[in-house]
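Numbering (my numbering), first residue to last: 24 to 203. Below: the structure, in structure tokens.
This is the structure:
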């Protein structure tokens, strides 16, 4: 695929959707469409790669740095491929004080991966993220997949096992080690 073709993914494959998104904003405010365009790209199975961010920047007449800053700030967007279900565990300071780091380690252990890795079957990626706005309900995580985003607050390892089994239609190790 030439770089020109790669840079035309949204405009050529999803021109009607891009046009619909842009029509929601006045011409002098079209930069506000950056988040909906990023969401469209991910909904359609793309990641926020440099080529996708570059195309969005061109569409909106903004710099790629401005697009990349949005991707880097929000947990809703990601620049690398991952599993069908992204388990994003908040490990910011308030959540860490409530056991989030240990919780994340146990979730990874149950799935047989390290933070940032994807399970061999491609079902799950476990990620550490900053601030999901539920500091008083830690440990907590969100699951991002094709169905949207779901929050799971005040979780135990047993709770997350049930969520994982439901999402992936898999049974994971239920050994009592670190079960809670």
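Beta carbons are placed, not taken as given, at the ideal position from N, Cα and C, and that holds for glycine. Since we're looking at a predicted model, the values are computed, not measured.
* For residue 139, which three-state DSSP category applies? -> coil
* Asked: How far does the beta strand (DSSP E) with residue 64 in it reach, from first residue to last?
  -> From DSSP, residue 64 is part of no beta strand (DSSP E) but of the alpha helix (DSSP H) over 57-66.
* Exposed or buried, what is residue 169 when buried is set at 16 or more other beta-carbons lying within 10 Å of its beta-carbon? -> exposed
* Asked: For residue 151, which residues does DSSP report across the bridge?
  -> 112
* How big is the Cα-Cα spacing for residue 35 and residue 91? -> Spanning the two alpha carbons is a distance of roughly 22 Å.
* Name the residue from 143, 144 and 128 whose alpha carbon lies nearest to the alpha carbon of residue 137. => That would be 128, whose Cα lies nearest to the Cα of residue 137.
* Could you tell me which residues DSSP puts in a beta bridge with residue 173? => 166
* Asked: Is it the case that the Cβ atoms of residue 83 and residue 57 are separated by a distance below 7 Å?
  -> yes
* Asked: Is the Cβ of residue 74 closer than 7 Å to any Cβ of chain B?
  -> You won't find chain B in this structure, because it holds only one protein chain.
* Look at the alpha carbon of residue 99 and the alpha carbon of residue 135, and state the distance between them as a whole number of angstroms. => 24 Å
* How long is the line joining the alpha carbons of residue 63 and residue 175, rounded to whole angstroms? -> 24 Å
* Report the rounded CA-to-CA distance for residue 191 versus residue 120, giving the unit in angstroms. => 30 Å
* Can you round the beta-carbon distance between residue 111 and residue 150 to whole angstroms, since I take them to be within the 8 Å contact cut? -> 5 Å
* Does the beta-carbon of residue 44 have 16 or more other beta-carbons within 10 angstroms, so that it is buried, or is it exposed? -> Result: buried.
* Near residue 122, what residues of its chain come up, given a Cβ to Cβ distance below 6 Å and the 5 sequence neighbours on each side ignored? -> 162
* residue 164 burial status per 10 Å Cβ neighbour count (16 or more: buried) -> buried
* Take residue 60 and list the residues in its own chain whose beta-carbon comes closer than 8 Å to its own, dropping the five residues that flank it on each side. => 33, 41, 44, 79, 82 and 83
* **N-terminal and C-terminal residue of the alpha helix (DSSP H) that residue 33 is part of** => Run containing residue 33: none; DSSP gives neither H nor E here.
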